[in-house]
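Chains as they are written, first to last, in the UniProt record's numbering: chain A, 1 to 129; chain B, 1 to 129.
Using N, Cα and C, we set each Cβ at its ideal position, and we do this for glycine too.
There are 2 protein chains.
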Amino acid sequence: MRIGELAKRAGTTTRALRFYESEGLLEAQRTPNGYREYDEHHLRLVREIQSLQAVGLSLEDARPFVACLRAGHESGDSCPDSREVYRRRLAEVDACLDRLATVREFLLARLAFQDPCLVPEPKEFQCSN
Amino acid sequence: MRIGELAKRAGTTTRALRFYESEGLLEAQRTPNGYREYDEHHLRLVREIQSLQAVGLSLEDARPFVACLRAGHESGDSCPDSREVYRRRLAEVDACLDRLATVREFLLARLAFQDPCLVPEPKEFQCSN
DNA sequence: GCTTGCGTTGACGTGAGCGTCAAGGTTTAG
DNA sequence: CTAAACCTTGACGCTCACGTCAACGCAAGC
């Protein structure tokens with residue numbers, strides 16, 4: 001299948017797929033006229049990337065998973081590097097949950113006119129997805 | 001006090017303070033030589049902005065609070081617009097907590113070789129702080 | 001033959017909150 | 001007097017995952 005169809009079936013855009021390729025995450029065959037040609041394996045790979053993004057992982061974080069699949073493994077998360085990414089993300093999510101619980105208490109207190117004082121985070125703190 | 005001292009006392013940078021001014025959040029007097037001049041009210045305002053950022057609000061969201069203070073109120077969150085911002089953020093935080101709990105379960109299951117299938121969010125979903 | 005709808009590469013734009021020069025003027029310590 | 005340490009404005013850089021043109025080639029239906 002060509003890039004338009006893959007995009008449609010994966011629920012994304014051709015731009016995103018070309019971007020993945022430029023990042024070395026999605027390599028495609030070329031037909032004689034220069035068109036990219038994909039198969040079902042590519043579709044599964046794109047779905048894997050989307051799944052990783054859905055848990056808040058970056059495309060950089062997706063590299064170990066792609067490498068794992070390219071190494072012939074059944075699933076992208078059966079390799080040590082991939083599992084390490086999962087563990088790291090889990091720790092981030094836990095920290096994020098803690099922080100958001102604190103923020104929630106702060107907001108509730110403020111809305112109840114209690115005037116608390118939120119302790120600011122020492123370093124830049126980021127929660128995503 | 002001048003901009004360097006205000007930055008130091010607020011634990012931020014001169015660049016940030018000038019940026020706040022460019023956004024209309026922090027207006028300063030000028031000495032004859034063009035230097036910005038601040039007082040304790042400005043310091044409290046900067047602290048207020050930092051506090052709002054700490055709960056994940058944007059500088060845009062801080063506008064109602066600044067306006068509330070400029071209108072002569074004791075605290076920036078005693079005006080309806082400010083409280084509405086709090087309520088909106090609270091809803092965001094709640095949604096974020098739900099989403100992160102789901103993500104957490106997904107990660108735990110994957111790390112336990114359970115191979116679940118994470119339902120992707122329909123629209124772009126963002127959690128911050 | 002012409003239009004329409006695919007595909008290609010390349011380059012710039014987006015948002016948020018500043019960081020980081022650059023090139024100068026001012027104040028202060030020695 | 002001089003050098004260091006302030007201050008000024010202006011402009012570009014940064015992150016991240018693409019969106020949005022621009023300008024072009026290729027293929028199929030009428």
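Alpha carbon to alpha carbon, how far is residue j from residue i? Give it in angstroms, no decimals.
i                      : j        : result
A/Ile3                 : A/Tyr38  : 7 angstroms
B/Glu5                 : B/Asn33  : 17 angstroms
B/Arg110               : A/Ser82  : 11 angstroms
A/Thr12                : B/Leu108 : 27 angstroms
B/Leu100               : A/Leu97  : 7 angstroms
A/Ala67                : B/Ser58  : 38 angstroms
B/Ala54                : B/Glu27  : 22 angstroms
A/Tyr35                : A/Pro80  : 35 angstroms
A/Lys8                 : A/Ser78  : 28 angstroms
B/Arg87                : A/Phe106 : 12 angstroms
B/Glu84                : B/Arg18  : 27 angstroms
B/Tyr20                : B/Thr31  : 19 angstroms
A/Asp61                : A/Thr14  : 21 angstroms
residue 138 of chain B : A/Phe65  : Here chain B covers residues 1 to 129 and nothing more, so residue 138 of chain B does not appear.
B/Pro122               : A/Leu45  : Any reading at B/Pro122 needs caution, since the residue's pLDDT is 42, under 50, leaving its predicted position unreliable; the model's value is listed next. In a straight line, the C-alpha of B/Pro122 is about 20 angstroms away from that of A/Leu45.
B/Leu69                : B/Gln29  : 17 angstroms
Within this structure, are the beta carbons of residue i and residue j separated by less than 8 angstroms?
i       : j       : result
B/Gly56 : A/Val93 : no
B/Gln25 : B/Arg63 : For the sequence presented, residue 25 of chain B should be read as Leu rather than Gln. The answer is yes: Cβ separation under 8 angstroms.
A/Leu43 : A/Ala10 : yes
Quick one: is residue i buried, meaning 16 or more other Cβ sit within 10 Å of its Cβ, or exposed?
i        : result
B/Phe113 : exposed
A/Ala95  : exposed
B/His41  : exposed
A/Val119 : Bear in mind that a pLDDT of 49 at A/Val119, under 50, signals an unreliable position, so the number given afterwards is only what the model happens to contain. It counts as exposed.
A/Glu124 : Interpretation of A/Glu124 is limited by its pLDDT of 46, a score under 50 that renders its predicted location unreliable; no figure is taken from the coordinates.
Flag residue i as yes when its Cβ comes closer than 7 angstroms to any non-hydrogen atom of the ligand ADP, and as no otherwise.
i       : result
B/Arg87 : This structure does not include the ligand ADP; it has no bound ligands of any sort.
Would you say the segment 42-60 of chain B touches the segment 64-81 of chain A, given that touching needs at least three Cβ pairs under 8 angstroms? no
Note down, one range per segment and in chain order, each alpha helix (DSSP H) of at least 4 residues found wholly within the UniProt domain "HTH merR-type" (1-68) of chain A. You should have 3-10, 14-22, 40-54.
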